[in-house]
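Here the structure comes first, spelled out in structure tokens, and everything after it is commentary.
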Amino acid sequence: MSVKEEDLIYYIIERLGEATPFRLSRVLFLLDLSYWKTKGHKLTSLKYILSPFVFYIEDFKLYLEQTPAVKRIECKDEQGNPVRGYFKAVSFRKVDLDEKVEKLLNEIIDFIKGMSDKELNEYVTGLPEYKKFCEEGIWE
Numbered sequence: 004m005s006v007k008e009e010d011l012i013y014y015i016i017e018r019l020g021e022a023t024p025f026r027l028s029r030v031l032f033l034l035d036l037s038y039w040k041t042k043g044h045k046l047t048s049l050k051y052i053l054s055p056f057v058f059y060i061e062d063f064k065l066y067l068e069q070t071p072a073v074k075r076i077e078c079k080d081e082q083g084n085p086v087r088g089y090f091k092a093v094s095f096r097k098v099d100l101d102e103k104v105e106k107l108l109n110e111i112i113d114f115i116k117g118m119s120d121k122e123l124n125e126y127v128t129g130l131p132e133y134k135k136f137c138e139e140g141i142w143e
């Protein structure tokens, strides 16, 4: 994972307060897509594994666990079984994001903030570009 991706992940979590891998992956996809539309290539080196209605980022759990100043918080049921997890910034960390990237990221975060996970996923997987990339199965 590059420092740039660590900074992006930390920044998103910091802005959202906390985030599940599902939500983080959708924000990163939208960031990469916006960057691709204007620059002709993705901003990150993340590998998106796509299917018609859902996707995941290859090795994403590892990326998240290696991000400095971020910790996985696990929620458990009454029997102590893990039921869900999310990531939270646990200490301050200075990030070095390009001003334009930070602005774009803020726009994306503001746009998706009120969406449920279902609405966010339907929005992303409904995009014409997503459908195009989905034909390949992988976007890297």
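Numbering (my numbering), first residue to last: 4 to 143. Where is the CB? At the ideal position from N, CA and C, for every residue including glycine.
- Beta-bridge pairing by DSSP links I76 to Y89.
- Counting only residues of its own chain and dropping the five nearest sequence neighbours on each side, Y13 has a CB closer than 8 Å to the CB of T70, P71, A72, V73, A92, R96, V98.
- Per DSSP, I111 has no beta-bridge partner at all.
- DSSP places V127 within a helical segment (H, G or I) once states are collapsed to three.
- Under the three-state reduction of DSSP output, S54 falls in the strand class.
- Contact between L100 and I15 is absent: CB atoms are separated by about 11 Å, not below the 8 Å threshold.
- Residues of the same chain with a CB within less than 6 Å of the CB of G88, apart from the 5 flanking positions on each side, are R75, E77 in chain order.
- One alpha carbon belongs to E102, the other to Y66, and they sit about 23 Å apart.
- Contact annotation, V30 with I141: C-beta distance approximately 19 Å; criterion of less than 8 Å not satisfied.
- Between E8 and F90 a beta carbon distance of about 14 Å is seen, past the 8 Å cut, so the two are scored as non-contacting.
- Taking C-beta atoms under 8 Å as the contact rule, K50 and E143 qualify, at a distance of about 4 Å.
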